[in-house]
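There are 2 protein chains.
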Amino acid sequence: MESRPKKKRANLRDVAKAAGVSVATVSRVLNSPKAVSEETRLRVQEVIGMLHFVPSAAARAINSGRTRVVGALVPTLDNAIFSRFLAALEKHLAKHGLSLVVATTSDDPEIETEKAKGLVDIGAEALIVSGIAHSPDFDRLIEQTRLPVIATSYFEKSYHLPTVGYDNAGASRLALNFLLAAGHKNIAVVHGPVKSNDRTQARLSGLKNPVSSHTLQMFETDISVEGGCAATLRILERDTVFTAILCFSDVLAMGALFELQRHQIRVPDEMSLVGIDDLPFSSCTFPEITTIHLPVARMGEATAQAVVHWLDTQVAPKSVLLEAELIVRNSTRELN
Amino acid sequence: MESRPKKKRANLRDVAKAAGVSVATVSRVLNSPKAVSEETRLRVQEVIGMLHFVPSAAARAINSGRTRVVGALVPTLDNAIFSRFLAALEKHLAKHGLSLVVATTSDDPEIETEKAKGLVDIGAEALIVSGIAHSPDFDRLIEQTRLPVIATSYFEKSYHLPTVGYDNAGASRLALNFLLAAGHKNIAVVHGPVKSNDRTQARLSGLKNPVSSHTLQMFETDISVEGGCAATLRILERDTVFTAILCFSDVLAMGALFELQRHQIRVPDEMSLVGIDDLPFSSCTFPEITTIHLPVARMGEATAQAVVHWLDTQVAPKSVLLEAELIVRNSTRELN
DNA sequence: TTGAAAGCGCTAACAC
DNA sequence: GTGTTAGCGCTTTCAA
Chain E
1 MESRPKKKRA NLRDVAKAAG VSVATVSRVL NSPKAVSEET RLRVQEVIGM LHFVPSAAAR
61 AINSGRTRVV GALVPTLDNA IFSRFLAALE KHLAKHGLSL VVATTSDDPE IETEKAKGLV
121 DIGAEALIVS GIAHSPDFDR LIEQTRLPVI ATSYFEKSYH LPTVGYDNAG ASRLALNFLL
181 AAGHKNIAVV HGPVKSNDRT QARLSGLKNP VSSHTLQMFE TDISVEGGCA ATLRILERDT
241 VFTAILCFSD VLAMGALFEL QRHQIRVPDE MSLVGIDDLP FSSCTFPEIT TIHLPVARMG
301 EATAQAVVHW LDTQVAPKSV LLEAELIVRN STRELN
Chain D
337 MESRPKKKRA NLRDVAKAAG VSVATVSRVL NSPKAVSEET RLRVQEVIGM LHFVPSAAAR
397 AINSGRTRVV GALVPTLDNA IFSRFLAALE KHLAKHGLSL VVATTSDDPE IETEKAKGLV
457 DIGAEALIVS GIAHSPDFDR LIEQTRLPVI ATSYFEKSYH LPTVGYDNAG ASRLALNFLL
517 AAGHKNIAVV HGPVKSNDRT QARLSGLKNP VSSHTLQMFE TDISVEGGCA ATLRILERDT
577 VFTAILCFSD VLAMGALFEL QRHQIRVPDE MSLVGIDDLP FSSCTFPEIT TIHLPVARMG
637 EATAQAVVHW LDTQVAPKSV LLEAELIVRN STRELN
């Protein structure tokens with residue numbers, strides 16, 4: 001009975017017809033409600049409800065040139081540091097009506113470039129990336145598309161893109177200095193892959209000190225609990241007697257903790273342990289892990305702000321430096 | 337010198353003009369290359385390269401009615417079980433040219449509905465959700481939009497949407513039966529919030545047994561390492577002497593492990609510990625955690641297949657049951 | 001194998 | 001305050 005039983009979704013025209021107004025009016029009800037008389041507005045809104053009308057994002061995008069989508073490229077979702085960042089980012093972008101699309105890169109510049117293209121394809125208005133090391137193809141893509149891009153987890157004033165992050169070198173130095181002040185001389189450093197990971201590289205550079213009376217040995221591994229275990233096993237197999245392990249991530253520190261337990265090495269009595277990140281679990285391991293707090297939630301918020309600013313004003317925001325902070329807990333002790 | 341310095345991105349018309357063909361031909365080069373003569377195709381492709389032409393996803397979507405975007409609604413990104421699922425899902429969707437947009441719900445049906453609307457707004461062609469408990473508004477949205485929706489982490493043949501997942505009741509029963517067979521009689525069960533989490537509810541129901549000679553006590557907490565710690569603390573404060581703790585997630589089991597360590601309670605000598613999930617870290621804690629393996633990677637693949645099938649054929653796929661499996665490690669022992 | 005032209009659903013001038 | 005209308009960038013008939 002009802003016209004023809006076409007199952008298609010209602011569109012602007014359908015609503016306009018049913019409400020006895022023009023498409024422009026319906027569009028106004030949607031986009032600038034106060035430009036429409038109360039009476040008309042209510043009627044149109046009712047029809048919208050009846051017809052279950054949902055505006056087409058594609059059509060809107062094609063006209064306004066805006067998709068309200070921003071893309072984030074993170075190394076992995078498997079590490080809480082990134083998922084926490086994304087949660088904060090998403091929350092604050094949502095306040096401005098922006099959706100977040102996430103893609104993972106495995107810290108591989110080629111994958112990053114591919115995924116970035118995918119994000120451009122679906123019409124992302126801006127991109128969020130980790131760190132400042134990207135493939136030439138990636139840089140070219142950004143240049144061609146003139147897309148706003150913000151580099152996070154890294155602070156670098158002089159980078160050609162705005163950065164929102166912390167001083168990675170400073171963070172690791174903070175951890176090292178704490179151990180040195182506590183009298184540690186032989187320290188094992190457990191870090192993630194150096195290749196194409198500038199955050200790790202920066203943290204390593206923060207440990208350099210030409211005039212030092214201490215010894216550092218580096219152990220590279222995957223950034224995972226298993227990786228922390230494996231690296232610690234290698235540490236224990238060395239002839240050197242280390243009194244402390246400095247891990248570039250709390251995830252690694254947790255692995256180290258387990259491996260030490262497996263070898264009946266007491267923390268902190270026989271081995272001190274410091275992490276970086278301050279993930280939620282770090283305060284409830286046994287013993288609780290001394291670490292460097294990285295303000296990821298604030299980073300998410302600051303990044304969202306930077307994106308919104310850029311999109312609104314068309315001018316690139318300034319880089320933002322967030323402070324890292326030492327949190328002393330029970331996995332470290334003074335050497336006497 | 338070069339025409340006018342308009343900074344806009346090239347479009348189909350620009351390419352067509354530059355290549356000396358019609359827009360239709362360029363469109364064909366993009367969508368059905370073999371319908372174009374090799375010569376024309378090569379010329380057009382070259383121009384596409386020169387002009388750095390990237391087709392507009394919005395315009396494509398508006399015409400084809402397809403956005404090639406699928407949306408996933410997960411409770412949280414903070415639990416590896418979901419991030420691993422999403423990683424697998426994304427990987428397999430990508431094979432079919434589908435992008436994944438992720439939204440988190442905090443297991444709150446209202447938030448889920450809101451985010452679902454957001455996904456519909458951006459033109460998601462299909463939705464993936466966790467479990468089968470959703471708000472009436474959500475169901476209404478699905479009905480109205482006629483969107484393909486797949487429920488995961490849950491298997492339920494008779495649900496009105498296809499499900500891809502495991503038998504949650506069976507998984508917890510597997511864990512319980514293992515403990516019972518080992519002679520445990522007083523068992524503490526640590527689980528996440530029951531409210532609006534049907535996976536937890538199902539796992540609880542799997543523990544019911546009218547004729548039993550054992551005692552079960554439930555401890556509800558947040559699904560996090562801290563939550564596991566807190567629940568374990570409550571367990572230790574009880575008068576009952578438990579010989580085993582059954583955690584509905586490995587994340588909880590890890591918290592339990594730390595809390596037990598904090599109280600000098602040896603695992604498994606004084607307390608057995610079983611988890612569910614089989615996350616990567618579970619095999620490298622100390623002691624390694626006995627758990628129920630949940631095939632999340634296969635779930636991601638099966639879900640992707642189901643979505644692709646539905647989108648291709650327009651007919652809803654059948655539900656898929658994935659087997660959970662007991663993995664015995666060192667956190668449990670036989671009571672003698 | 002190719003081109004012309006008609007939309008897709010919406011926004012944004014511009015006119016009334 | 002409201003309607004008319006010209007596109008946005010593309011796909012897709014239909015002819016040639």
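Protein chains in written order, with the numbering used here: chain E, 1 to 336; chain D, 337 to 672.
For glycine and all other residues, C-beta sits at the position ideal for the given N, C-alpha and C.
With a threshold of 8 Å between beta carbons, is residue i in contact with chain D?
i	result
T285 (chain E)	yes
F242 (chain E)	no
T232 (chain E)	no
Q45 (chain E)	no
A181 (chain E)	no
H116 (chain E)	Note that residue 116 (chain E) is Ala in the sequence shown here, rather than His. No, A116 (chain E) does not count as interfacial toward chain D.
S83 (chain E)	yes
D78 (chain E)	yes
E112 (chain E)	no
H134 (chain E)	no
L89 (chain E)	no
Just to confirm, does residue i get its C-beta within under 7 Å of one of the non-hydrogen atoms of the ligand ADP?
i	result
E46 (chain E)	This structure lacks the ligand ADP; in fact it carries no ligand of any kind.
Is any beta-carbon of chain E found at less than 8 Å from that of residue i?
i	result
F474 (chain D)	no
C583 (chain D)	no
L348 (chain D)	no
P616 (chain D)	yes
R634 (chain D)	no
I625 (chain D)	no
I398 (chain D)	yes
E606 (chain D)	no
Mapping the DSSP letters down to three states, classify residue i as helix, strand or coil.
i	result
G275 (chain E)	strand
L42 (chain E)	helix
S435 (chain D)	strand
V530 (chain D)	coil
C229 (chain E)	helix
M337 (chain D)	Its pLDDT being 34, under 50, M337 (chain D) is placed unreliably in this model, and the value from its coordinates should be taken loosely. DSSP places M337 (chain D) in coil when its eight states are reduced to three.
V668 (chain D)	A small correction: the amino acid at residue 668 (chain D) is Thr; Val does not occupy that position in the sequence shown. If DSSP states are grouped into helix, strand and coil, T668 (chain D) belongs with coil.
L479 (chain D)	For the sequence presented, residue 479 (chain D) should be read as Glu rather than Leu. Looking at E479 (chain D) - three-state DSSP - the assignment turns out to be helix.
V69 (chain E)	strand
A462 (chain D)	strand
T440 (chain D)	strand
I625 (chain D)	coil
N547 (chain D)	The residue asked about is misnamed: residue 547 (chain D) is Val in this sequence, not Asn. Coil at V547 (chain D), not helix or strand.
L348 (chain D)	helix
V267 (chain E)	coil
V372 (chain D)	coil
First and last residue of the alpha helix (DSSP H) that includes residue i?
i	result
V525 (chain D)	Counting along the chain, V525 (chain D) falls outside any alpha helix (DSSP H), though it belongs to the beta strand (DSSP E) covering 522 to 527.
G356 (chain D)	Premise fails: G356 (chain D) is in no alpha helix (DSSP H) and is neither H nor E.
H388 (chain D)	Segment: none, H388 (chain D) is in no alpha helix (DSSP H) and carries neither H nor E.
H645 (chain D)	632 to 649
I468 (chain D)	Per DSSP, I468 (chain D) belongs to no alpha helix (DSSP H) and is neither H nor E.
A487 (chain D)	First-last for A487 (chain D): 485 to 488, but that is the beta strand (DSSP E), not the alpha helix (DSSP H).
D121 (chain E)	109 to 121
E90 (chain E)	80 to 94
Terminal residues of the continuous beta strand (DSSP E) containing residue i?
i	result
Q217 (chain E)	215 to 220
I245 (chain E)	244 to 247
L321 (chain E)	320 to 322
V164 (chain E)	163 to 166
L326 (chain E)	325 to 327
Taking the straight line between their C-alpha atoms, what separation do you get for residue i and residue j?
i	j	result
V74 (chain E)	I48 (chain E)	39 Å
R364 (chain D)	D534 (chain D)	48 Å
A352 (chain D)	R476 (chain D)	45 Å
L596 (chain D)	L569 (chain D)	8 Å
L294 (chain E)	K493 (chain D)	45 Å
H134 (chain E)	D167 (chain E)	19 Å
L348 (chain D)	G454 (chain D)	30 Å
Original post:
For the region 427 to 447 of chain D against the region 654 to 672 of chain D, are there 3 or more C-beta pairs whose distance is under 8 Å?
Top reply: Contact fails between the region 427 to 447 of chain D and the region 654 to 672 of chain D, because fewer than three Cβ pairs, one in each stretch, are under 8 Å apart.
Original post:
Can we say the region 83 to 102 of chain E touches the region 64 to 73 of chain E, given the rule of at least three CB pairs closer than 8 Å?
Top reply: Counting Cβ pairs under 8 Å, three or more are found: they touch.
Original post:
Three or more C-beta pairs closer than 8 Å, one from the region 582 to 596 of chain D and one from the region 609 to 621 of chain D: is that the case here?
Top reply: A contact exists between the region 582 to 596 of chain D and the region 609 to 621 of chain D.
Subject >> Validate contact between the region 483 to 498 of chain D and the region 452 to 462 of chain D using beta carbons, cut 8 Å, 3 pairs >> reply: They touch, by the three-pair rule.
Original post:
Is there contact here, the region 211 to 219 of chain E with the region 598 to 617 of chain D, by at least three beta-carbon pairs under 8 Å?
Top reply: These segments do not touch.
Original post:
Is there contact between the region 76 to 90 of chain E and the region 294 to 306 of chain E, where contact requires at least three CB pairs shorter than 8 Å?
Top reply: With the rule of 3 Cβ pairs closer than 8 Å, the region 76 to 90 of chain E counts as touching the region 294 to 306 of chain E.
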